[in-house]
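Report on one structure; see the data block that follows.
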Amino acid sequence: MMIPCLACESRFGPDEYFSACSDYNRGLDLVSWTCPRCGNRDDLRVLPDELGFGYPHRGRFDVHARVRVPGLRRHRGDLRLDISLDRASWHVSTPLRPAGVPVRLTAGGGSARRRRPAL
Ligand SMILES: [Zn+2]
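With the sequence shown counted from 1, adding 86 to any position gets you my numbering.
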């Protein structure tokens, strides 16, 4: 099974291909992939038996192209995505501070504050 780069059409074995994945974005459910040959960076979603390529759009990820990868499996963790194919597996971590995602400050926090009786 060889997986192509959509930009330069080089083909990669699963190990070379999935080792080039980085930055799992759990919110949009996508990983970044940087082509080891041409340096092209794509966003893709790992799906059962296929890869979905597309673009983030209005807070979601629209899949425009699919590449069949029979046997591909995934497991979403809190801070990483586990990808498995046949007997091999790869882990893609979530960056601690994803670029472009503003840190949200929690306003108020009233329920966490307990007042002692004022007597
Ligand atoms: Zn390429």
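Note that CB positions come from ideal geometry on N, CA and C, so glycine has one too.
Note that the structure is a prediction, hence the values are computed from the model and not measured.
Check	Outcome
Endpoints, beta strand (DSSP E) assigned at residue 67	Residue 67 falls outside the range modelled here, since the chain spans only 87 to 205, and no answer is possible.
Helix, strand or coil at residue 101 according to DSSP, with G and I counted as helix	helix
Residue 42 (DSSP reduced to helix, strand or coil)	Within the shown structure, residues of the chain are numbered from 87 to 205, placing residue 42 beyond reach of any answer.
For residue 94, three-class secondary structure by DSSP	coil
C-beta atoms of residue 166 and residue 110 nearer than 9 angstroms	yes
Cβ neighbour criterion (16 or more within 10 Å) applied to residue 181	exposed
Residue 117 beta carbon less than 9 angstroms from that of residue 131	yes
Of the listed residues 128, 112, 102, 161, nearest to residue 150 (C-alpha basis)	128
Reduced DSSP secondary structure (H/G/I, E/B, other) of residue 115	coil
Cβ-Cβ distance between residue 141 and residue 135 below 9 angstroms	no
Beta-carbon proximity check, residue 164 vs residue 175, cutoff 9 angstroms	no
Inter-residue spacing [alpha-carbon to alpha-carbon] between residue 126 and residue 138	16 angstroms
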